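The next block holds one structure in the form of C-alpha cells; read it before the comments.
Chains as they are written, first to last, in UniProt numbering: chain H, 1 to 459; chain B, 1 to 459.
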C-alpha cells in the first residue's frame, strides 16, 4: 500500500496559474445583481463607482471559465503559498474511524486565514488602476489583516471598518492591522451618515458585517480616488479563492485520492466557494459526485433557516440587491465568537447551488464548535479559528458516520485559519461561561417581513 | 540561470531521521558541567533526580555523532514539519542588495516557534520512562506552549512557571497553554521555597528565566514522579534543534546553494545552536568556512559583554554549574520585549565555539529590532516574534554590507517564530513609547563579582 505523507505541498510549477470561474459551468446561473434604484440587472459601468474596473468585470463575468492570475499576484502568492494539504492521521486515530480525513490548511500566513488570497488580487487590481486608496470592513479581523498586508505591499492607503464587538474582543488584531499601516474605525461609527443612523436607532449595538459594509461603501464612494473591496460573498472573491480548491484537487490527485465529501464553514461563502469549486465543477459536468457540506453557526443560519430572496448585501441598503439565502439585511446576529460567520446573507453562487440541490448545509452551536476546536488542537497541534472549527465539527460528524457504517470514505475539509486572536473566546469556552444563541422563528419572521419589495420580481 | 523558488519544503523522505550532535566534531569540548556540591564533573546518575534518563544521557554524550530520532517523534514532526526554507526576494529588492537572503521559518506551528522540536522529544522520552508529569519554565511563552502541546499529545501533566512580566504582557499565551491542559504559575511565585526567597528579596521583581528555572526544578524534584525539562541552553536541546540546520542544509543543497554567513538570534542558544549545527560541522572539519553571527539584545548581552566563566543556569543556584558566557546568575535583565532572550547565560556549546573564535556576536537595542521587524513584515508578509527579529536585524546588516561592497553573498538566517502574542510590544514600538535598556558596566561588574567560587577551578 502506498504510504500517504502527512503533508503535501505543491511545487511552484504545480501551483495554479489561473483561477477557476464556477459560473462558467453552471447551467442555471445565479439570478443577476439588481440595481436597487431601477430594479434592473446591474451593469459593469454601474459598479464602477464602488469597485475598480477589472473587479467589476470579474463580478459579472459568467462565461470565462479560467482567468489568468496576474504575474504579480502569482509572485505574492508564492510568498505564502502553496498551503499544505494535510492528512489528519491523529484525528482519525482519536475518532477511531475508517474514514480518511484530509484538510487544506490556509492559516499559515500572517493574516491567519485564506483571506489573503483575494486581498492580494483586489489590492493589485486597485493599484493597477491607479486608485488612491481602499475601504473595507472586517468581522473577525482576518480580512482586515489580509487586506492591510496586501495594501501595505502595494503602498495603497486603507481604511478598515471593524465590527465593534470584534474591535473590542480582539485588541491585538487592531495592532496587527496598524503594523501594516491601515486605519481602523470601529463600526458602527460617527464617521459616516449610515453609521450615525444605525447608532441612533440601536445605540448599544455591537455592530455586524452588514453595518460595516454600509459604512465602508459610503466612505469609498464619498472619498476621491477610493474604491471599496469586500472579502466574501461576491463572485469575484469566490473566483480568487478557487485557488484553495484547485491546489487541494491537484494535491489529492498526486495521492491518487478524491473526496467523497467536502466540508467547509460558511459565513459569506469565500472559503467554501473556493474550496469546493473544482469538485463542484466535476459535479456540474457529471465527472464525479462528491457530497458538499456547508457548516454554519446556529446563531446566524442563513442557509439552513434563511429565505432564498433578493436582499441588500448590507444593513444600510446601499449595495446592489443579490438573490441569496438571507436572514434579512436588518438581522443583527448575536455576539457569536465566530465573527467571520456573522453575516446575514450568503454568496449568490453558493445560494443558487444550494437551492438547486448541489449542496447540503448544517448549523451548529458555538459550544459544540469549541469542543471540536480544542479536541482538534490536541490531536493535530493546530489551534483553529472559531470559524474554521465549524468545518472541523462537520468533518468529525462525517467521520463518525463512517465509524458507524464501517465505510472508509475520503473526507476533505477546509481549515481556513488559526485562532491566536480568539483567545477570549477559547477562555470563555474553558471557563464554561460561553453561551449558545439561536434566533427564534419569530425573530426571523420579523426580519423576513422587511425584505425589500421589488416590483414584478419580489412583491 | 536556474530559477530558485520562493519556498523549499523537503519531502518526508528527505527529512532528517537522525539528530546531529555537534560535540562529536569539536576537537575542544565545552568544559564539563560541575556538581555544585562537589565541584566535580557531574555524572549521568547525578542528573537523574532532575532529568529523565535518556535525556541525561544525551546531555553528557560528547561522542555519538548522529542519534536516531525515535519513530514516534518523527511522526509528530511530520504533523508540522518540514518547515520551509524561504528566499526573501522582496526583502532583497527592498534593501536593493546583491546578496541572496534565505530564511528558515520555524513559526508555522501553534507554539509559534522552533521550540516544539525539542518539546516533542523531551515529552516523548518522559512518557517512555513512565513519568507522572513534567515541570518547566517559559519566558516569552513559546516554550511553554510548545511543551503543553507535546505533553497534551502524550497525556502527560505539565506545570509551567511563566516569567511574571510575560505572564502579564501576554494574557492570551496563558489561554493557549490552558487549551492544552497545562497548569501555569507566574514566577517568582509563593509555590516554591526559592520563589518565596526571591520575592522577599525583590518584592517588585518582574521575574526572569533564571528565577523560573529555579522554581520549576524545585517543583520537579519535590513532586513524586515528576522531572524537569528545559527549552534551551542544554546540550540535549541543541541536539534536538539540529533538525533546523539539517533541514536547512539539505534544502540549500537542493538549490545548489551554501551560505557565506549564517545569522541567528541568541538567548539561551536553542535556535542558534540548531540552525548552525551542520554548517559549524563543516567549519570544524574544514569542509567549508561560513561566518556564523549571533545577534543578542543589548539589554541582555551575554556573549558580547558577559564573562566566560562557571555559573549556575538559574537564579536560585540549584542547577549544575556550566562554563558559559554569563552576565551572572543574579543578573535580572530589564523587561525587554524579547522575553525569550532574557537569559543571563548561553549554551555551553555555543559559548565554547564563540570563545574559540568560530562565531561572531553582535548586540542590538529593541527599538532597532522592532524597526527591522515591521519592515520585514511589510516586505515578506510574516509578522516576526521580537526574538526572531534580532536575526532579521543581523541579516539586514549583512545584506547592507553586501550592497556597499557589491558582493553577492548568500545569507541564511533563522526566523524562529511569529509575533501574534507580542502585540503589546509592537504597539509600544508604534506609539513611540518603547524604551531601550542597556546595562551599565558597573551593573555588570557588580553581577560578575558574585559569580560562584569553585576551589581550584574558579577562585
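For glycine and all other residues, C-beta sits at the position ideal for the given N, C-alpha and C. Model, not experiment: these values are computed from the prediction.
query	result
Per-residue burial, residue 285 of chain H [other beta carbons within 10 Å of its own, 16 or more giving buried]	exposed
Ranges of the alpha helix (DSSP H) found wholly within the region 205 to 268 of chain B, counting only runs of at least 4	209 to 221, 235 to 254
Rounded straight-line distance, which links the Cα of residue 3 of chain B to that of residue 101 of chain H	35 Å
Candidates B:310, B:374, B:111, of which the one nearest residue 178 of chain H by Cα	B:374
Within-9 Å CB hit, residue 175 of chain B to chain H	yes
Min CB distance residue 157 of chain B to chain H below 9 Å	no
Under 8 Å by beta carbon: chain B residues contacting residue 241 of chain H	Here the premise fails: no neighbours, minimum Cβ distance about 18 Å.
Proximity test, Cβ basis, 9 Å: residue 337 of chain B and chain H	no
Neighbour flag for residue 162 of chain B against chain H, beta carbons, 9 Å	no
Proximity of residue 437 of chain H and residue 298 of chain H at Cβ, strictly below 9 Å	yes
Below-9 Å beta-carbon distance, residue 377 of chain B vs any chain H residue	yes
Meets three-Cβ-pair contact criterion under 8 Å: the region 158 to 165 of chain H and the region 176 to 190 of chain H	yes
Of the residues H:39, H:414, H:43, H:305, the one placed nearest residue 440 of chain H, counting alpha carbons only	H:305
Beta-bridge partners of residue 7 of chain B, as assigned by DSSP	B:86
Coarse secondary structure for residue 449 of chain B, derived from DSSP in three states	coil
Within chain H, the residues that residue 380 of chain B reaches when beta carbons sit closer than 7 Å	79
Per-residue contacts from residue 108 of chain H into chain B (C-beta, under 7 Å)	108
For residue 433 of chain H and residue 154 of chain H, the rounded distance between their alpha carbons	43 Å
Buried versus exposed call for residue 357 of chain B [16 or more other C-beta atoms within 10 Å across all chains shown]	exposed
Complete runs of the beta strand (DSSP E) confined to the region 368 to 451 of chain H [at least 3 residues]	410 to 415
Segments of 3+ residues assigned as beta strand (DSSP E) that fall wholly inside the region 41 to 107 of chain B	66 to 68, 85 to 87, 100 to 105
CB of residue 195 of chain B within 9 Å of CB of residue 214 of chain B, strictly	yes
Residue 341 of chain H CB to nearest heavy atom of the ligand MN below 8 Å	In the structure shown, the ligand MN is absent, as is every other ligand, since no ligand is present at all.
Reduced DSSP secondary structure (H/G/I, E/B, other) of residue 318 of chain B	coil
Nearest residue (CA-CA) to residue 456 of chain B, options B:310, B:83, B:136	B:310
Same chain, Cβ closer than 7 Å to residue 187 of chain B, neighbours up to 5 away in sequence not counted	137, 161, 162, 163, 164, 195, 207, 211, 212, 215
Residues of its chain near residue 237 of chain B, where Cβ-Cβ distance is below 6 Å and the 5 sequence neighbours each way are ignored	118, 270
Per-residue DSSP class, three states only, for residue 132 of chain H	coil
Inter-residue spacing [alpha-carbon to alpha-carbon] between residue 249 of chain H and residue 279 of chain H	8 Å
As assigned by DSSP and simplified to three states, the class of residue 326 of chain H	strand
Partners in chain B for residue 374 of chain H, counting only beta-carbon separations shorter than 8 Å	179
Inter-stretch contact (C-beta, 8 Å, three-pair minimum) for the region 256 to 265 of chain H and the region 405 to 415 of chain H	yes
9 Å Cβ cutoff, residue 90 of chain H in contact with chain B	yes
C-beta atoms of residue 376 of chain B and residue 384 of chain B nearer than 9 Å	yes
DSSP state of residue 181 of chain H mapped onto helix, strand, coil	coil
Per-residue burial, residue 141 of chain H [other beta carbons within 10 Å of its own, 16 or more giving buried]	buried
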